[in-house]
Every structure is written in structure tokens, then in C-alpha cells.
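Residue numbers (my numbering): 12 to 230.
Yeah, the Cβ is synthetic: ideal placement off N, Cα and C, and Gly gets one too.
What follows is a single structure, written as C-alpha cells, with notes after it.
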């Protein structure tokens, strides 16, 4: 910057000319000062801001790809096949519960509710399928099959336990293939098995009706 009166070069931002003492124009001082001070800060601030925006954009993109923004960027797609497989696998837990309760002398029919619940849970966990009237019906059918399997296994174990008391322990293969058909020919044994199975089915159907009502209310 130069003095307007004598033309001497003076330091930017100076108020008076060091040679002639003339007061420098205010506009010149105001224009010169920001160019040295503000411009430098503006550049530094812009760089920091750009780095921040770039970092934020990068983090957002990474989070969207990895699903770390609280929820996944894209909800899992429903897969009916995996859901059906999950319903079958999870409902096997109900079979285990039934057999255990039957062996310890507790009302095994309670496992009917557990089997139905686990079937619906398997549909949701493996297939990401929310409960609908259709899936509830499917889970009811799966539950009926699983409860029949659970009752059959429980009856076989009961027959095996009866043989153990006499000092002879047949294999499960012999029980299922030979002794079970014989036991089912006995009307008293058959009635007891059917009655226990019916209780489990009834409780599972009650749970299914409750699910139907809840689904209807949501709509």
C-alpha cells in the first residue's frame, strides 16, 4: 500500500505515512487489514470446515453401508422360505419342552403354547416375517405336527421306563417299531395319549386365536 500524498510505500494497516505524516484513507486501512488478517483466518476456517464436512460425509456413508446409524440403512427383506424353516426349527424347542414336562409329571399341554410361540418367533427371526393371519395358520399346522411328535416320543419313553422296572430295557427302535403299535392297541393307553395331545392342541389354538385378534386390531 502507498501513501496518497507522497507515494511512499507504507505498511498495510498503517494509519499515518511514516515519511510525510499524512493520514491514510480509512477505506485503504479497512481494505488492507482484512486481506492480511481475515483472509488468513477465512482460509484456515474453510479448510477446517471442509475437513469437517468431508469427515462427516465419510462417516455417514460408512454408517449407511455398515448399518451403524442406530438402524440399518435398509430394513431386512422378508424371506418366507427362511421364515418357514425358522418356524419348524424353533418349534422343535416346544417338542423338547413337552417331553421334559411329561417326564417330570407336569401338565405337558402347557408346551402347546410354547410351541406355537416359538414357531411364530422362528418365522420372524429367520425370515423377518411379521405375524399375519396366514403365518399364524401355518404355525398352527406346524404346532399340531410337533405336538404329535412330542406326544409320540413321550409315550415311547414311558413305555421304555415301564420295561426298565422289569429289568429289560428295549431300544427306542424296538419301542417305535414294535411296542408302540402294541401299546396303541390298548384303548386305555390310546385314550390317555389322545387326551394329552388334545389338551396341548387346545392351548395352542387359544394362543392362535389371541394372535388373530391382535393382528385384526392392528389393521
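#1: Based on DSSP bridge pairs, tell me the residues matched to residue 13.
#2: Since residue 120 is in the alpha helix (DSSP H), which residue starts that stretch and which ends it?
#3: According to the neighbour-count rule (16 or more other Cβ atoms, all chains shown, within 10 Å of its Cβ), is residue 178 buried or exposed?
#4: Measuring CB to CB, does residue 164 end up less than 7 Å from residue 130?
#5: Helix, strand or coil for residue 176? Go by DSSP, reduced to three states.
#6: Using beta-carbon positions only, say whether residue 172 and residue 204 come within less than 7 Å of one another.
#7: Spatial neighbours of residue 229 within its chain, please: C-beta separation below 8 Å, excluding the five flanking residues on both sides.
#8: By DSSP, does residue 222 sit in helix, in strand, or in coil?
#9: In the DSSP output, which residue or residues are listed as bridge partners for residue 34?
#10: Taking the CB atoms as reference points, tell me whether residue 97 and residue 136 lie closer together than 7 Å.
#11: From this set, 191, 186, 175, 142, which residue's C-alpha is nearest residue 221's C-alpha?
#12: If you drop the 5 nearest sequence neighbours on each side, which residues of the same chain put their C-beta closer than 7 Å to that of residue 170?
#13: For residue 88, which of helix, strand or coil comes out of DSSP?
#14: Could you name the residues of the same chain whose beta carbon sits closer than 6 Å to that of residue 20, not counting the 5 residues immediately before and after it, in chain order?
#15: Alpha carbon to alpha carbon, what distance is there between residue 139 and residue 133?
#16: Taking the C-alpha atoms as reference points, what is the distance between residue 201 and residue 224?
#17: Using three-state DSSP, classify residue 5 as helix, strand or coil.
#18: Does residue 188 have its Cβ less than 7 Å from a Cβ in chain C?
#19: For the alpha helix (DSSP H) that residue 192 lies in, which residues bound it at each end?
#20: Helix, strand or coil: which one does DSSP assign to residue 140?
#21: Under 7 Å between the Cβ atoms of residue 126 and residue 157?
#22: Applying the criterion that 16 or more other CB atoms from any shown protein chain within 10 Å of the CB defines a buried residue, is residue 124 buried or exposed?
Answer, in terms of the structure:
#1: 20
#2: Taken as a continuous stretch (DSSP letters only), residue 120 belongs to no alpha helix (DSSP H), as it is neither H nor E.
#3: exposed
#4: no
#5: helix
#6: no
#7: none
#8: helix
#9: 27
#10: yes
#11: 142
#12: 186, 190, 191, 194
#13: coil
#14: 13
#15: 9 Å
#16: 35 Å
#17: The question about residue 5 has no answer here: the residues shown for the chain are numbered 12 through 230.
#18: As a matter of chain content, chain C is missing from the structure shown, which is built from one protein chain.
#19: 191-195
#20: coil
#21: yes
#22: buried
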